[in-house]
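The listed protein sequences derive, respectively, from chains V and X. If you count the first sequence from 1, position 68 lands on 68 in the numbering used here, and the numbers rise without skipping. If you count the second sequence from 1, position 52 lands on 52 in the numbering used here, and the numbers rise without skipping.
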Amino acid sequence: MSKTADVSSLRMLRRARDRIDRDYAGRIDVPALAAGAGYSREHFIRAFRAAYGETPGRYRTRRRVERACELLRSANLTVTEICHLVGFASIGTFSARFAEITGMSPTAYRRQAAARGGPAPIPGCFVLMWRAGLPED
Amino acid sequence: MITGISIVSVWVLDQDAARQFYAEKLGFTVTSDLKLEGGMRWLTVRAPGSDGQELLLMDPLHSMLDAESAQQVRALVAKGALSPGVMATTDCRGDHAVLAGRGVEFTQEPAERPYGIEAVLRDDSGNWYSFTQARYLARPA
Numbered sequence: 001m002s003k004t005a006d007v008s009s010l011r012m013l014r015r016a017r018d019r020i021d022r023d024y025a026g027r028i029d030v031p032a033l034a035a036g037a038g039y040s041r042e043h044f045i046r047a048f049r050a051a052y053g054e055t056p057g058r059y060r061t062r063r064r065v066e067r068a069c070e071l072l073r074s075a076n077l078t079v080t081e082i083c084h085l086v087g088f089a090s091i092g093t094f095s096a097r098f099a100e101i102t103g104m105s106p107t108a109y110r111r112q113a114a115a116r117g118g119p120a121p122i123p124g125c126f127v128l129m130w131r132a133g134l135p136e137d
Numbered sequence: 001m002i003t004g005i006s007i008v009s010v011w012v013l014d015q016d017a018a019r020q021f022y023a024e025k026l027g028f029t030v031t032s033d034l035k036l037e038g039g040m041r042w043l044t045v046r047a048p049g050s051d052g053q054e055l056l057l058m059d060p061l062h063s064m065l066d067a068e069s070a071q072q073v074r075a076l077v078a079k080g081a082l083s084p085g086v087m088a089t090t091d092c093r094g095d096h097a098v099l100a101g102r103g104v105e106f107t108q109e110p111a112e113r114p115y116g117i118e119a120v121l122r123d124d125s126g127n128w129y130s131f132t133q134a135r136y137l138a139r140p141a
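Put into structure tokens, the structure is as follows:
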């Protein structure tokens, strides 16, 4: 930690991040999160980034993609259904963000996961909390 | 023969609040609450269905840590970065409903996983636990 914020500010930031974890698919926007945490929009983004190394918007995108990966591995849903289920408004944005984070398209990801067989016995929450995102092998 | 871990240390921000959270919200038993020399408070709790393992709820400011390290640990706990591990339950969905009703925060609702049913729980300090009803008693080889 380069600059340690005080414990009560960090607690508010964590609450905001937990809200993203819970409501990732909804239309929670940064101004609402900032207001809930008692910050102005700009100050909130700065403080969140200082604490977690990425902006709240980026964190939400990673969370959505992480949920999408899980559904692609385990659920019998189309890519378009999954796209909307995790909160993306368009398949174009979904595919672009997904490729940015995982390095492949949702369809390729699903194919690869199926080829690997059953899911690894690693608790999903640990996968979620890994800063780097999902393990690739 | 090593039989397991008998006490797990959990960093908390406020021991009074943590005692209340673990006892009243989670239903743990307080197994000891002692003032030690040097200002350290030895506070342990045990899960309702535990065969003996205890959590030691430690205040970093009154521990073996130097002041700077204690502040760093407090910041890590507050921002939600630390996890003591997995809380085992015999009924993830049922317990989740009861605990959520008491105001316990979950960052993830119970969901089917290959290894069981899992939710993610936060304690009042910011520690997160996997909250899991395991499908296997032991991990398959």
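The beta-carbon is built from N, C-alpha and C at its ideal position, and this holds for glycine as well. Please read these numbers as outputs of a predicted model, since none were measured by experiment.
Assignment of glutamate 105 of chain X by DSSP, reduced to helix, strand and coil, places it in the strand class.
Here the alpha carbon of glutamine 20 of chain X sits roughly 10 Å from the alpha carbon of aspartate 124 of chain X. Think of a sphere of 8 Å around the beta carbon of aspartate 23 of chain V: no beta carbon from chain X falls inside it, the nearest being about 11 Å out. Chain V has a Cβ within less than 7 Å of the Cβ of glycine 80 of chain X. Nearest CB-CB separation between alanine 100 of chain X and chain V: not below the 7 Å threshold. At least 7 Å separates the beta-carbon of proline 110 of chain X from that of valine 10 of chain X. Valine 86 of chain V and valine 30 of chain V have their C-alpha atoms roughly 17 Å apart.
Between arginine 41 of chain X and the set X/Gly27, X/Gln53 and X/Met64, the nearest pair of CA atoms involves X/Met64. With fewer than 16 other Cβ atoms from the protein chains shown falling within 10 Å of its own Cβ, histidine 43 of chain V counts as exposed. Residues of the stretch 12-39 of chain V whose Cβ lies closer than 8 Å to any Cβ of chain X, in chain order: Leu13, Arg14, Arg17, Asp18, Asp21 and Arg22. Contacts with chain X at 7 Å (Cβ-Cβ) do not include valine 86 of chain V.
For arginine 46 of chain X, no Cβ of chain V is located within less than 7 Å of the residue's own Cβ.
Chain-ordered listing is empty here: chain V has no CB closer than 7 Å to the CB of glycine 85 of chain X, the nearest sitting near 10 Å.
Rounded to whole angstroms, the gap between the alpha carbons of glutamate 54 of chain X and alanine 108 of chain V is 46 Å. Among the residues facing chain V, threonine 107 of chain X is included, as its CB has a counterpart in that chain under 7 Å away.
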